[in-house]
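This note's numbering puts the first residue of the sequence shown at 1157, with every later residue one more than the last. Even glycine gets a Cβ: it sits at the ideal position worked out from N, Cα and C.
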Amino acid sequence: MSRERASPPPEADGGIEPISSYLMASPLDFFFAEHFRHRQLCGLIDQLSKTTFFDPGPIAEVVDFLRFEAPIHIIDEEEDLFPLLRRRCLAEDEVEGVLGVLSAEHKADGLLGKVVRTYLERCLETRAAPGATHEGRRDLAAFATQERRHLALENAVVLPIARQRLTAEDLAGLARRLAARRGMAPAETST
Ligand SMILES: [Fe+2]
Ligand SMILES: [Fe+2]
């Protein structure tokens, strides 16, 4: 009988874990779990920035994550989570300024993410080590730093406020939209 791992692995220890779809029934937990995976992405990118030999596995993992998963996460926030927060938060929450900062960072992440992805795709094509060039190391490190700061703000400010302000109905609707975006049947909400 298989045993589940008691605690998550340290960041960057073994790539990016898959996410369990059942978590979507508890959408704020789902966002926290997604942020953990983004931190694993940052750890992997940091590792790549230091590699001086060509290993296609982790490079392809980062390329795929930036191409397919990161954009969906930004859409989850921009089209669903942030509008819900704008609707439900009180003036005293002062959430508008934070959401403005995060939306600007989404655009910056998208641009730098494209630079990083293009660079890593070129590494795959030419069988080059990502840490072999100064520009590559600089862009990889900049992306990881920027993304970690963004995740910290969302985890420390946005998700705790969402837990306070979103209603059970909001969370059920959010769960449905997360599932629909991924072509899945809606799950029974538990949060
Ligand atoms: Fe996020
Ligand atoms: Fe975000």
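Report whether the distance from the Cβ of residue i to the nearest heavy atom of ligand 2 is below 7 Å.
i	result
GLU1233	yes
LEU1258	yes
ILE1230	yes
GLU1252	no
HIS1306	yes
GLU1225	no
HIS1262	yes
Identify the continuous alpha helix (DSSP H) that holds residue i and give its terminal residues.
i	result
ALA1300	1290–1309
PRO1174	Note, PRO1174: premise wrong, no alpha helix (DSSP H); not H, not E.
GLU1261	1251–1282
PRO1212	1212–1220
LEU1330	1324–1337
LEU1315	1315–1321
Could you name the residues of the same chain whose beta carbon sits closer than 7 Å to that of residue i, not counting the 5 residues immediately before and after it, in chain order?
i	result
GLY1269	LEU1222, ALA1226 and PHE1299
HIS1191	LEU1307, GLU1310 and ASN1311
ALA1162	Per-residue confidence for ALA1162 stands at a pLDDT of 37, beneath the threshold of 50, marking its modelled position as unreliable; no derived number is given.
Closer than 7 Å: is that where the CB of residue i sits relative to any heavy atom of ligand 1?
i	result
PHE1187	yes
HIS1359	One cannot answer for residue 1359 here, as it falls past the ends of the chain, which runs 1157 to 1347.
GLU1310	yes
Cβ of residue i within 8 Å of Cβ of residue j?
i	j	result
PHE1187	LEU1315	yes
LYS1206	GLY1292	no
VAL1218	GLU1277	no
ARG1332	ILE1231	no
GLU1303	ASP1265	yes
ALA1284	PHE1210	yes
Whose CA, out of the options, lies closest to the CA of residue i?
i	options	result
GLN1203	ALA1336, LEU1240, ALA1331 and ILE1172	ILE1172
CYS1198	ARG1333, LEU1296, VAL1313 and SER1177	LEU1296
ARG1244	LEU1200, TYR1178 and ARG1321	ARG1321
HIS1290	TYR1275, GLU1281 and PRO1212	TYR1275
Excluding sequence positions up to five away, which residues of its chain have a Cβ less than 6 Å from the Cβ of residue i?
i	result
LEU1279	Note on residue identity: the sequence assigns Cys, not Leu, to residue 1279. So the qualifying residues of the chain are ILE1215 and PRO1286.
LEU1330	PRO1183 and ASP1236
VAL1254	VAL1313
ARG1242	none
Enumerate in chain order the residues of its own chain whose CB-to-CB distance from residue i is below 8 Å, with the five nearest sequence positions on each side excluded.
i	result
HIS1194	ALA1226, HIS1229, GLU1303 and LEU1307
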